[in-house]
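Comments concern the structure below.
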Amino acid sequence: MLDSTDDQSFVKFDRVQKSYDGENLVVKDLNLSMPQGEFLTMLGPSGSGKTTCLMMLAGFETATHGEILLDGKPINNIPPHKRGIGMVFQNYALFPHMTVAENLAFPLEVRKLDKATREEKVKRALDMVQMGAFGGRRPAQLSGGQQQRIALARALVFEPELVLMDEPLGALDKQLREHMQFEITRLAHNLGITTVYVTHDQTEALTMSDRVAVFEDGRIQQLAPPDTLYEEPENSFVAQFIGENNTLEGVVTDIKGPDLCEVKLDGGEIIDAKPVNVSKVGDRTRVSIRPERVEMNPERLQEGAHTLKAEVLEFVYMGDIFRTRLRVAGNEEFVVKTRNAPDQVRLAPGTHVDIGWLPQDCRALDA
Amino acid sequence: MSDTTSSGPMLAADGTPLKTSLARALRRQKLRALALIAPLLLFVVITFIIPIASMLLRSVENQIVSNTIPEATAALESWDSNSDTAPDEAVFQNLFFDLYRAAEAKEHTKLGTRLNYEQTGTSSLFRTSGRKLDKVGEEWQDPIEDIAPALKDGETWYAIMSGTGGEAVLEARRTLWNQMVPGQFEGDVGLTLSGEIAAMLPLTTAAYADWAIFEALEEERNVSKRDPWEAVYAALGLDMRDADVVAAVNAYDGPHAADLQLIAANLDQLPDLTLREAFADLDEDWLDPEVWQTIKIYSPNYTSGYFLNAVDMEKGPDGAQVRPENQQIYNKLFIRTLWMSLVITGSCIILGYPVAWLLANLPMRTANVLMILVLLPFWTSLLVRTSAWKVLLQQQGVINDILVWLGFVDDANRLILMNNATGTVIAMTHILLPFMILPLYSVMKTIPPSYLRAAKSLGATNWTAFWRVYFPQSVPGIGAGSILVFILAIGYYITPEIVGGTDGVFISNRIAYHISSSLNWGLAAALGSILLAVVLLLYWLYDRIVGIDNVKLGG
Ligand SMILES: Nc1ncnc2c1ncn2[C@@H]1O[C@H](COP(=O)(O)OP(=O)(O)OP(=O)(O)O)[C@@H](O)[C@H]1O
Ligand SMILES: [Mg+2]
């Protein structure tokens, strides 16, 4: 997927490895290429190496192997303060002994800009995050969301081409998070800044990013735009990690084409699926179906499609959708989501139904 | 529910005004809090506040002069302290009886010592004169006993003096005794003075009462059987110099009136010696007006003399004046103490800051080992550590040996690192270093490393990031450490004493000297009070300039 001769890439990790203790690789063979202006999110469970990657990019950790290139130039030997990368820390790291304006002026001062320019830029940056009236305050006198904006403004005030953000919204409540997600993406796109954003909140990753890199165990499992990631996960880790997901295990019994195969579940039932990570008959596979793609009205399915018998175990009314938990082929955690439409039936527990799906919605992944 | 919309005061549920019930609730809380700290409060008051108050009091207290020679100091009031002659006979007469009493109770040497602080030689003047006062009394005793042999006998004296109506005189004398030695002279003397005799022979009665009180209450003897002091005979002789007294004696018909009249009839056999001459015979110096100036200056109950002394001044007859150059020591010592404490604080900051930084930034395990090294000095006694420095710093000591061996220093010119200010600074910096490191460490521990990273990511070099971002946040730790070290240093005693020599001693060494060697507690207290005032002043200045809120001992 990566082209190492790609001249378009602004940030590039080339076979980067990192070990802290000389025994375990925390980052294993990382290859990543970002064009200018992209908003890329690193998403992954705790300890998967996201912060480490960010720190290597910022210059606070050195890669044990491999190269990191910024705008085509290797930066392994450039000290952090010369990289010109804006950074937003998880705890904001606003200097407590300086006022908001002084915090923002700091990167301009060390760049020896004159006072008038400094003031002008600080003012512009503060207005940009709608904090124009707060220049004289100390960080401790601001709310969490306000501190967050200041941290953002400080990372942007010296007009870096690349901004790194390590879980910048981790400490905010849900409403403020959503608001800030919107603000950050708006700013990043308006200013055309290349952004690397770290989070372990998948909604955040999906809503904000141009592309998402799913990390696990020091590797990128999939690097794709949010919709691709959600609808076409390349392996079962990604499928499990992104969004809600139903899985059934079985063996491939027949491959009918690039988009259709038959899988015999461990309970003996036969289903249709799209082969993704299976190559031949006899491969063990784990099939993955999104809850909203399951059809409980078999008449709507194609001619000859396989169906499964299911028993309703639980019905939850969630307002905009209904969430029905079923027992399907021995799996008691099989979930179906249906839209709360006028004609939608509410299934009582104990009801027996037939369910099915379009083959392309059921992905046969690695076991 | 109370009606909160009415215009009256807000009421609590039970109808009492809300303010009252809140105050009651708070008072209970305060009392409980007070009860919790009561033991500490008591401890602090007893061991801290009271000693400090008593020190402050002692630095101005000066009752010893007027308590020991009360009548002489009273008589001295009218003497002009600028005159170039000693006071007149009246003062010497009072001095004789005062000093006689003091000599019997052995209090005169204390007074001598006290006045010796102000004028050297006074101590021996009082000591030798006090010893010889008996001889002066004998000048009268011998002829009186020749004239009236009955007066050789204490019982005769007792009979003459006893009677009624003289109780007030006895109590007045008892008060004088108790001023000199508080609480020593309580109880029954076994004598009731005759009021008639007291009026007729005032000096004699007073002297007899003095003797009787001392004899009965200090020596615990029966006054009716004992012979009185020589001073009583002198008093009788002096009384008889007054023609009115002689007339009254001749008209007297009380017990042993005949014996008294016998003396009145033979006045020519009594010496016409004045006490001024008598004292001059004992010691020339009694005619020296300077001695009397000193006594007069220090006769008030409270004096600023100790404080003046403590700042190299003295009390002259015309008020405070600066001491001659060669007698000045304390100002220099105060300045040296302050200056060296500053130097020590400075070296502690310079040496302690990097260590604290390491402690706060090393991995846990290494930091713990380092921490133990920092705290190690606390495990050994201060005396041992200071003595160890002695071994290290001497001219033949380890440090000089190493420097010579490395060739930095010539063997013939070994460095003098001890018995001077250098030694004190080195040893005290080492000893006080933990007091700088610990507060610094606890403050640095709370500065997240992300600040430095943030600064660097914003374009600051390592140095700028440290200086503009890290250092300002560690200033509260420096403040706390500096206050601790400085205040500890300013009052330090053992280390300067051992390695300081003469150039490296502090004011506290001088205080200790006055407390344990010269026994000039008043001066020691004055020096201590000044030291306390200086510390408080510096603390106040610090608060004004840096702000005490900016001091943190921990996160
Ligand atoms: N300074 C360090 N020294 C040693 N090991 C470290 C260090 N920093 C991180 N690690 C290890 O490297 C691995 C990856 O850490 P990293 O901080 O990159 O994870 P992360 O993806 O950012 O996780 P999270 O979502 O919890 O922040 C973890 O196993 C962690 O224990
Ligand atoms: Mg992280």
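If you read the protein sequences in the order shown, they are chains V and R. Everything in the first sequence is counted per the numbering used here, starting at 4 for the first residue and increasing by one. Everything in the second sequence is counted per the numbering used here, starting at -12 for the first residue and increasing by one. Glycine included, every Cβ here is placed at the ideal spot set by N, Cα and C. Note that the coordinates shown come from a computational prediction; the quantities given were computed from them, not determined experimentally.
Bounds of the alpha helix (DSSP H) holding Asn318 (chain R) are Tyr317 to Asn348.
For Ile88 (chain V), the neighbours in chain R by C-beta distance under 9 angstroms run, in chain order, Ser444. Distance between Leu178 (chain R) and Gly117 (chain R), taken at the CA atoms: about 27 angstroms.
Boundaries for Val356 (chain V): no alpha helix (DSSP H) harbours it, while the beta strand (DSSP E) harbouring it runs His355 to Ile358, taken from the DSSP string. Note that the C-beta distance between Arg497 (chain R) and Leu519 (chain R) is not below 9 angstroms. DSSP places Asn334 (chain V) inside the beta strand (DSSP E), whose first and last residues are Asn334 to Arg342. The C-alpha of Glu317 (chain V) is placed about 52 angstroms away from the C-alpha of Ala128 (chain V). Between Ser49 (chain V) and Tyr457 (chain R), the alpha-carbon positions lie close to 29 angstroms from each other. Excluding its 5 nearest sequence neighbours in each direction, Lys15 (chain V) has C-beta neighbours in its own chain below 6 angstroms: Ser36 and Leu72, listed in chain order.
At a cut-off of 9 angstroms, the C-beta of Ala447 (chain R) has a neighbouring C-beta in chain V. Taking 8 angstroms as the cut-off, the C-beta of Tyr23 (chain V) counts as close to a heavy atom of ligand 1. In the three-state reduction of the DSSP assignment, Ile274 (chain V) falls in the strand class, which pools E and B. Taking C-alpha positions only, Ile494 (chain R) is separated from Ala414 (chain R) by approximately 17 angstroms.
Using a Cβ distance threshold of 9 angstroms, Ser291 (chain V) and Ala242 (chain V) count as a contacting pair. Of the candidates V:Lys277, V:Thr202, V:Ala308 and V:Val315, the residue whose Cα lies closest to the Cα of Ser51 (chain V) is V:Thr202. Look at Asp169 (chain V): its beta carbon is less than 8 angstroms from one of the heavy atoms in ligand 2. Within the chosen limit of 8 angstroms, ligand 2 does not reach the beta carbon of Val199 (chain V) with any heavy atom. Excluding residues up to 5 positions away in sequence, Leu209, Ile245 and Gly246 lie with their Cβ nearer than 7 angstroms to the Cβ of Tyr233 (chain V) in the same chain. As a beta-bridge residue in DSSP terms, Thr288 (chain V) pairs with V:Gly253.
Phe172 (chain R) carries a coil assignment under DSSP once its states are collapsed to helix, strand and coil.
Residues of chain V with a Cβ closer than 8 angstroms to the Cβ of Pro435 (chain R) are, in chain order, Asn94 and Ala96. Chain-ordered, the chain V residues with CB closer than 7 angstroms to the CB of Thr451 (chain R) read Val113. Short note on Lys53 (chain V): C-beta closer than 8 angstroms to some heavy atom of ligand 2.
In the three-state DSSP reduction, Ile81 (chain V) falls in the coil class, being neither helix nor strand.
Taking non-hydrogen atoms of ligand 2 into account, the C-beta of Gln93 (chain V) is found less than 8 angstroms away from one of them.
Residue range Lys177 to Leu194 is occupied by the alpha helix (DSSP H) that includes Gln178 (chain V).
Taking the Cα positions, Tyr428 (chain R) is about 50 angstroms away from Ala(-1) (chain R). Residue environment: Asn209 (chain R) is assigned as exposed (fewer than 16 neighbouring CB atoms within 10 Å of its CB, all protein chains considered). When the five nearest sequence neighbours on each side are left out, the beta carbons in the same chain lying within less than 7 angstroms of the beta carbon of Arg342 (chain V) are those of Ile324, in order along the chain. At least one CB atom of chain R sits nearer than 9 angstroms to the CB of Phe63 (chain V). Taking each of R:Ala251, R:Tyr220, R:Thr151 and R:Gly224 in turn and checking the Cα distance to Ala235 (chain R), the smallest one comes out for R:Ala251. With respect to Asp255 (chain R), Leu112 (chain R) sits apart: the two C-beta atoms are not nearer than 9 angstroms. Classified as exposed, Thr115 (chain R) has fewer than 16 neighbouring CB atoms from the shown chains inside 10 Å of its CB.
His501 (chain R) sits in a helix when the DSSP states are folded into three classes.
Residue range Ser12 to Ser22 is occupied by the beta strand (DSSP E) that includes Asp17 (chain V). Within the same chain, and ignoring the five residues on either side of Val521 (chain R) in sequence, the residues whose Cβ sits closer than 8 angstroms to its Cβ are Phe321, Leu325 and Ile477.
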